[in-house]
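Notes follow the structure.
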């Protein structure tokens, strides 16, 4: 099992430790990135990725190691602490660069066979909003299964978190790891994801929204009988 972990911060606090707890339990081959250390460029809105090619993005070279790791992974873990009830700016910056991969444009075929986990922590609240920020993208990418988990740790540092809270987190994380392992290699997208795919397919069949996107769908065979979740 190949696991790619993307941390929305560069320090190793509660969110990091919970993500580590998960990938240690999964016992896979882990590739890890820390934002903004490993990527920090803001999308400049040039539209090159939409109109021409993502390779013309001014940040393509620095982003490519993360993109390749995402594409090669069986499981992707996004870990972001709550910053003012949302993901960190670094995580948002990364996700902004993948707008061209949304279903209406040029979704990456392998996404339809992947599992994603969105992890968030806070001393108080905001975990639902934060994991939703990430899950919005993974849904429109076509990811087969996205898990959202959040924990109110009641402390600022992981070392200060109550042991009872840590034990409850551990049980939830181990249970989730078992679900991921069970579905590994046999994951299929939800009905909701398939419905979105067919809706976008119909739009492309009726009208070329952009030449670039239409050609991508046609070359993939998705406007005919091929489907991205079937190898």
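In the UniProt record's numbering, the protein residues as written are 1 to 231. Built from N, CA and C at the ideal position, the CB exists for glycine as well. The structure presented is a predicted model; accordingly, all values stated were derived computationally and were not measured.
Annotation for residue 62: 39, 41 place their beta carbon closer than 8 Å to its own, counting only its chain and skipping 5 residues before and after. Nearest in C-alpha terms to residue 76, of all of 37, 106, 161, 144, is 144. For the set 11, 26, 23, the Cα lying nearest the Cα of residue 36 is the one of 11. Inclusion of residue 1 and residue 184 in the CB contact set at 8 Å is warranted, their separation being smaller than that value. Going by DSSP, residue 33 is part of no alpha helix (DSSP H) but of the beta strand (DSSP E) stretching over 29-34. One thing to note: residue 82 has its Cβ within 8 Å of the Cβ of residue 126. Residue 59 and residue 34 have their C-alpha atoms spaced approximately 17 Å apart.
Rounded to the nearest angstrom, the Cβ distance from residue 102 to residue 140 is 4 Å, consistent with a contact under 8 Å. Each residue's CA atom was taken as its position, placing residue 93 and residue 3 some 21 Å apart.
Taking C-beta separations shorter than 6 Å and ignoring five residues to either side along the sequence, the partners of residue 32 in its chain run 5, following chain order.
DSSP, read as helix, strand or coil, puts residue 52 in coil. Distance between residue 146 and residue 135, taken at the CA atoms: about 7 Å. Considered as a whole, the UniProt domain "NADPH-dependent FMN reductase-like" (1-132) harbours 14-26, 48-51, 60-72, 89-96 as its complete alpha helix (DSSP H) runs of no fewer than 4 residues, in chain order. Around residue 228, the same chain offers 109, 112 as residues with beta carbons nearer than 6 Å, after the five sequence neighbours per side are excluded. Under the DSSP assignment, residue 177 falls in the alpha helix (DSSP H) whose first and last residues are 163-183. Between residue 138 and residue 9, the C-beta gap is not smaller than 8 Å, which leaves the two residues out of contact. The DSSP-derived three-state label of residue 146 is strand.
For residue 119, the closest alpha carbon among the candidates 106, 206, 86, 49 is that of 86.
Residue 15 is a Cβ neighbour of residue 80, given a cutoff of 8 Å.
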